[in-house]
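Protein chains in written order, with my numbering: chain A, 8 to 195; chain B, 95 to 203; chain C, 177 to 1180.
Below is one structure, written out as structure tokens, with a few remarks after it.
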Amino acid sequence: MSNAVSALEKTSFEGFAKVSETGLRGMITLRGDLSSKPVKDAVIASTGAEVPDVRRMSRGSIGDVAWMSPDELLIVCDYRAANEVVTTLLAALDGAHALAVNVSDARAVFRIEGDGAREVLAKVAPVDLSTEGFQPDDFRRTRIAQVAAAFWMNSDDSFEVVCFRSVAQYVFDVLKVSAQEGGEVGFL
Amino acid sequence: MLTLQCPYCGVDAEETELHAEGEAHLKRFGPGSSDDEFETYLFMRENPKGVHFERWRHSNGCGKFFHAARSTTTLEVFGTYSAQTYEPPQDIKDKISAKYPGWSWRDFS
Amino acid sequence: MSTRLANGGRLLNKGKQLHFTFNGKQMTGFEGDTLASALLANDQMMMGRSFKYHRPRGVVASGAEEPNALVNLGTGGKFEPNQRATTTELFDGLTSTSQNHWPSLEFDVGAINNYMTRFFPAGFYYKTFMFPAFAWKHVFEPIVRQSAGLGQVPKDRDADTYEHFYAYVDVVIVGGGIAGLQAARAAGASGAKVLLMEQTPHWGGRAPVDGGEVNGKPVADHIADLVAELEAMDNVTMRTRMMGAGVYDHGYVLGYERVNDHTPMNAGPRHRLWRIRTKQIVTATGAIERPLSFAGNDIPGVMLASAVRDYVVDYGVSSGDRTVVVTNNDDAYRTAIALKNAGLEVPVILDARAMGGGALVDEARAMGIRVENGKGIAKVKGGKRVTGVAICMQAGEGAAVEEIACDAVAMSGGWSPVVHLWSHCGGKLIWDEDQAHFRPDAGRAPTNQDGVGFVIPAGSANGPLDLAAVAADAHEAGKAAAKAAGLKATRKAAPKAGEEPEQAMEPVWMMPQGAGPELRIKSWLDYQNDVKVSDVRLAAQEGYESVEHTKRYTTLGMATDQGKLSNINGLATLAGQLNAPIPAVGTTTFRPPYTPISMGSIAGEARDEVFQPLRRTPIHQYHEDQKAFFEPVGQWRRPYCFPKAGESHADAVKREINQTRASVGLLDASTLGKIIVKGTDAGKFVDMLYTNMMSNLKPGKCRYGLMCSENGFLSDDGVVARIDEETFLCHTTTGGAERIHGWMEDWLQCEWWDWKVFTANVTEQFAQIAVVGPNARKVIEKLGGDMDVSKEGLAFMEWKDGKIGDFDARAYRISFSGELSYEIAVPASQGRAFWDALMEAGAEFNIMPYGTEALHVMRAEKGFIMIGDETDGTIIPQDLGLNWAISKKKEDFLGKRAQLRDHMTDPNRWKLVGLKTVDGSVIPDGSYAIADGDNANGQRNTQGRVTSTYYSPTLDCGIAMGLVHNGPDRMGEVIEFNKVDGSTVKAEICDPVFYDEDGEKQNV
């Protein structure tokens, strides 16, 4: 554990918005029937958060929970807490048909901050990132340029992007081009 | 470039988020089936000018497979629906009938 | 001469002088100039030479339709050819050169073609380059290559950056002229989210040049009011320097924004390609004036009447001192009036119409301008510049009735709506007899995903040409767009413009009407591609009746301007020759983009380092630091070998294999796919996926398995580990992880959706390292931890969780090399640390990393197949002698039924064998085993082929695996494989397991 390093070890770039790798984050894939009581209870028990609505993120004391698909959630928590969240989940699921697995190391997370944060993403993702189209706690799986990714919004000028660890450098480099000085669009 | 609404996550996804997965409503034939049945399952496909039913996957999205009914000529989309069904829902069939009276596709009409 | 006037130039900032060069010559202009207006101001009318005949060519137009004034811009990494001077904004330090001439613009050797025009008719290339066959390669192609092309090809890397931008709106309005502004106001007032784009840097289009009044104010003031009103609307975005490049299915629009073309010193992207999804599109793209077809209409100084007017009013530039105006409509009189008002001479207006004219005609006459009705130009005099015109009767055959000296000709053949964006996605056109142009057929708009029209033409792009009709039409279009986008249409009043009655134009497709061959061969239709009236007539005579065929035969409309000026005149000429009505001939297809857009903008950010995603393992940096030679495997880069200084790749591979077989080696196997399959039906599911029985695998054990497609063909392979009663971990090939995960989800979501199974792709959660070789156990044991990795503690084909050193590890006793081998997975974030720990612990055993080539050779020595080498999508497991991995007990698995088809059970299918060369050499990749005789095509018969072939350091000879007819029954037989040089190499058929046949080494 002491040897654990994130893909880009918190590299950052300052353009018209700031792009930085956040370091290791806890992430758990939970697959199950999201409307079932055991899954709902297990999510609350392990994170303090409710099962979110479609394409939303709900916040909890231990972890935040994002809607990935009709039978999949992504729990985001402190890196060191991930194994314990899985343990709590499995205990609370108590044999219900579900799959919970720690995927923290399979991912890289970037934060995009600043006035132009929406536009940095709108250059590389086919998503309506206008204020009407995307709000805090909205969550979207899509692509960033040529790779699969997901992002959510913390506040109006802060997004977090999650992608696979192997393409961390690619996503960071793409976001750097996107956030380059002089690239402000002035549309969003 | 098409947009299709994913019936699972509700996103109006453009084609770059999607992956085409071939013809819809194929019936699988396995061991015990006749050569003709198996050939039909593996190789025989519709190639219509007009109404068509397809499978798509929201691959750069929620990952779910779904069905789409559309026109291959006008690219009008009559609807998208669950992958977990053996035939298109009635409301989509009605919508097609309004546009293409008397249409048929394999066993559907 | 052309020159800068003392007055006028509404777009100029005369307080700011700019310096630029043309063909090395220093020139000056003003802020607000285009390169074309600045060149004219410097009396540089001739701006290039034509493509085919190298004729001197001057600027014709003032906007995007310009066919002639194409220049090379910039130098080095900013060099770009074929840029229109008319749309290039002047900036300080701009450098430009003219194109398509040698050695100079003034004196061009290629102009000899001009005197050969008789010998270069339409279809010349098709007719000439047919025979003899050798001549194309040795004679024609070198000549054509030398003389072809307009601009030069850039030689340096593009120094600029580019980007895309995704935008979602209700209404896109293309064109910021009076119509676009008016439509935007109506749509914006309805509350729609509007994006208004204009390709030039200015709002208002040509209305301020043409004049008139709206709502009782001069049109220029009205435009200023509109712009201010729109700027105050939060729901309206206005962008200049942004062209509507294309309209595509389902409301997709490309907007091409030239962010920094005019400010190349600024930071940021040069171009931005907007990828817009909109509910409705309003095409307020205006109209383009048509040239007239008369002899010498391409001589520098012959220009569109509207362009002559634009240069005077917008840029304070005269195109000539004495300008003859020639027209078939009233609009061109505005040019004569503007020139006269600027103090320039208009010796005569030649009006092809026999009778009268509207208010503008009266105004011109009142100013004392001579107007000649029923007259036209027989021919233009001059070479590199107009010197005069010969006047004739339009109704006649071109006998000159008078010659008039002049240095410019302003021509107008009427106006054609810009219907490109309307047509891109299938909008249909109708022929308007009165205006003699094609305009959008509003009832047949392109339709979107809901089956309803999503493009609405507005203003002159829709047909009307006078200000009052344009403004009213655009207001309605904006309302209609908002309504179609689901909003409530505005109640704001439509603008009211003063009417200026104009007399109808009369179509003139040839001037004079009865022009003979001598005149027709000098009457240009397509300036850029040098297509003349005579060429189109010839095409028709030779049987090219379809406009699409004529286009390709003559190259009419095929140049970079895509025939913006030439198309209507060309097809009217074709229709005339065919004796068919124009609408029956129709138009060629309008395809995006409207004008050429940069390749950089299409690529967007995807260049250099981020051209393609490159996947890196957690240990990638080590490989980079060791200067590994990488090979692409899917999007991964895997080390092929780790050459030491001065070592060849072959030597490195040999060393890595010898070291691994003798002691211990490390392989970064992180790229292998790892998919969790969990649920009460997981056993049933993996039994369907794999050809083998998997459900009876015991927790703690591993089993090698094969996956087939429903065609029965081998698709992927890998080791399955059973984690617990409900959970399997399926390893896939490196390239197969995403595909196989999708394959699993496909069956679970679409066929067996009632089965209780979930999957998760955890490939990247782990760094996986293979520790391979007789000393592998010693290295792992040296790290310590609580895991018992002894022969008894972790037997071959078992897995176990535990601590190795400080690391949480899962170790699999599996081997792809035939050696004692552990594949150890640790969390990806600790992968590099674990690798370093292994390297340190293995130092005393001279541990070294090995790459994919050593992996390949070692597996071939063991006779293990590789997906993609032994398989190619047509191979079933039975071909590879893998029957042991195909369950006979299972009723069904994916591919089982297909493997029962008669072609699959044919005993004549080629089967896998080992091959050992007799002389020890290596069989070339891709070799076929030759058989006696030839086939029907005269090709040598074959009896097999090589699938993997290597030099084996372990056996010190060439070994191979291959598929051979009846191979397994022919052990010991020697067969021949072909080589590239035509000779053959002999190889003995043998068992594919070359090394440790009994598997003792891996099981220690």
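A virtual CB, placed ideally from N, CA and C, is assigned to each residue, including glycine.
From a predicted model like this one, the values you see are computed outputs, not experimental measurements.
Identified DSSP bridge partners for residue i
i	result
residue 99(B)	106(B)
residue 893(C)	882(C)
residue 990(C)	Answer is none; residue 990(C) lacks a bridge partner.
residue 129(C)	Residue 129(C) cannot be examined here, being either before or after the span of chain C that is shown, 177 to 1180.
residue 450(C)	341(C), 431(C)
residue 979(C)	984(C)
residue 418(C)	433(C)
residue 202(C)	197(C)
residue 1159(C)	Bridge partners of residue 1159(C): none, in fact.
residue 815(C)	806(C)
Cross-chain neighbours of residue i in chain B, by beta carbon under 9 angstroms
i	result
residue 172(A)	Ordered by position in chain B, no residue passes the 9 angstroms Cβ test against residue 172(A), which lies about 18 angstroms from the chain.
Burial state of residue i (16 or more Cβ within 10 Å)
i	result
residue 442(C)	exposed
residue 794(C)	buried
residue 693(C)	exposed
residue 1087(C)	buried
residue 1131(C)	exposed
residue 894(C)	buried
residue 172(C)	Any property of residue 172(C) remains undetermined from this structure, which presents chain C solely from 177 to 1180.
residue 184(B)	exposed
residue 1168(C)	buried
residue 1221(C)	Lying before the first or after the last residue shown, residue 1221(C) is absent from chain C, which here runs from 177 to 1180.
residue 543(C)	exposed
residue 628(C)	exposed
residue 1081(C)	exposed
residue 180(B)	exposed
residue 1025(C)	buried
7 angstroms Cβ cut-off: residues of chain C touching residue i
i	result
residue 171(B)	625
residue 36(A)	936
residue 132(B)	1073
residue 121(A)	Neighbours of residue 121(A) on chain C: none; closest Cβ ~16 angstroms, over 7 angstroms.
Under 8 angstroms by beta carbon: chain C residues contacting residue i
i	result
residue 176(A)	790, 792
residue 157(B)	921
Proximal residues of chain A, C-beta to C-beta of residue i below 7 angstroms
i	result
residue 126(B)	Those do not exist, as residue 126(B) stays about 30 angstroms from chain A at its closest Cβ, beyond 7 angstroms.
Within chain C, the residues that residue i reaches when beta carbons sit closer than 9 angstroms
i	result
residue 188(A)	443, 444
Cβ separation of residue i and residue j, assumed to be a contact under 8 angstroms, to the nearest whole Å
i	j	result
residue 492(C)	residue 767(C)	Not confirmed; about 37 angstroms, so no contact.
residue 56(A)	residue 71(A)	6 angstroms
residue 904(C)	residue 853(C)	5 angstroms
residue 34(A)	residue 106(A)	Wrong, their Cβ atoms sit about 14 angstroms apart, outside the cutoff.
residue 26(A)	residue 179(A)	7 angstroms
residue 930(C)	residue 1066(C)	20 angstroms between Cβ atoms; not a contact.
residue 344(C)	residue 95(B)	No, residue 344(C) and residue 95(B) are not in contact; Cβ-Cβ is about 14 angstroms, not under 8 angstroms.
residue 1073(C)	residue 144(B)	Not a contact, Cβ separation roughly 32 angstroms.
Neighbouring residues, chain A, relative to residue i (Cβ below 9 angstroms)
i	result
residue 403(C)	Correct list: empty, because the minimum Cβ distance to chain A is about 17 angstroms.
residue 154(B)	133, 148, 149, 150, 154, 155, 156
Where residue i meets chain B, residues with beta-carbon distance less than 8 angstroms
i	result
residue 425(C)	95, 96, 169
Selection of the segment 884 to 898 of chain C by Cβ proximity to chain B, strictly under 7 angstroms: 886, 887
Residues, ordered as in the chain, of the segment 262 to 282 of chain C that lie near chain A by beta-carbon distance below 8 angstroms: none
Taking any Cβ of chain E, which residues in the segment 103 to 121 of chain B have a Cβ under 7 angstroms from it, in chain order? Note that chain E does not occur in the displayed structure, where the protein chains are A, B and C.
Taking any Cβ of chain B, which residues in the segment 445 to 458 of chain C have a Cβ under 9 angstroms from it, in chain order? 451, 453
For the segment 414 to 438 of chain C, list every residue whose C-beta sits within 9 angstroms of some C-beta in chain B, in sequence order. 424, 425, 426, 427, 428
The segment 1002 to 1019 of chain C: which residues have C-beta closer than 8 angstroms to a C-beta of chain A, in chain order? 1003, 1004, 1005, 1006, 1008, 1009, 1010
If you measure beta-carbon to beta-carbon, which residues of the segment 341 to 357 of chain C are closer than 8 angstroms to chain A? 341, 342, 343, 344
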